[in-house]
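Report on the following structure.
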């Protein structure tokens, strides 16, 4: 599915997102959740707000508490992202000299990121740099792999995922049942 929002179409043209991007990547379109449906779930270590839907925030809080009881620190570092924020992430990578094809293997195009739903979170743990495959070898990842489903979270981009995105052991999506 392609977006039919003129603003999003313009963003895709500006970033040179291929027209067949969603079809080729087998990615669904995600409408940006209404801001009225979002809350500040917590502040991250830098004092920035982690914004999620209320059900995702509640599930994350319960999951972090359970992990903490098991001696595991889950440190969320990214939640809701607007289309404009996603565009900015891509633009920063373009200014670093990366080409759009490479960028789209590590970031979803605006309109296709689960972060637009307010139900996706990126997680790290103490001593692990955010958004790295090193997270896979942590106790936090092992704990999530065993217990995240109990709280409604699933790993979105495992190795060899059909979306041709890099393995993202840090990225988890809440889905209300």
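Residue numbers (the numbering used here): 4 to 180. Glycine included, every Cβ here is placed at the ideal spot set by N, Cα and C.
Sequence-distant residues of its chain with Cβ nearer than 8 angstroms to residue 4 (five each side left out): The predicted model places residue 4 with a pLDDT of 42, which falls under 50 and marks its position as unreliable; any figure quoted below should be read in that light. If we look at residue 4 and ignore the five residues flanking it on each side, its Cβ neighbours are 25, 31 and 32.
Out of 152, 175, 147 and 136, state which residue places its alpha-carbon closest to the alpha-carbon of residue 169. 136
Give the straight-line distance between the Cα atoms of residue 10 and residue 89, rounded to the nearest whole angstrom. Approximately 13 angstroms, taken between the alpha carbons.
Every unbroken beta strand (DSSP E) inside the stretch 20 to 82 [3 residues or more]: 41 to 46, 52 to 56 and 78 to 81
On a CA-only basis, which of 115, 157, 179 and 141 is nearest residue 20? Give me that one, please. 115
Is the CB of residue 55 under 8 angstroms away from at least one CB in chain C? In the displayed structure, chain C is absent; only one protein chain is listed.
Apply the 10 Å Cβ neighbour rule to residue 94 and answer buried if 16 or more other Cβ atoms are within range, or exposed otherwise. exposed
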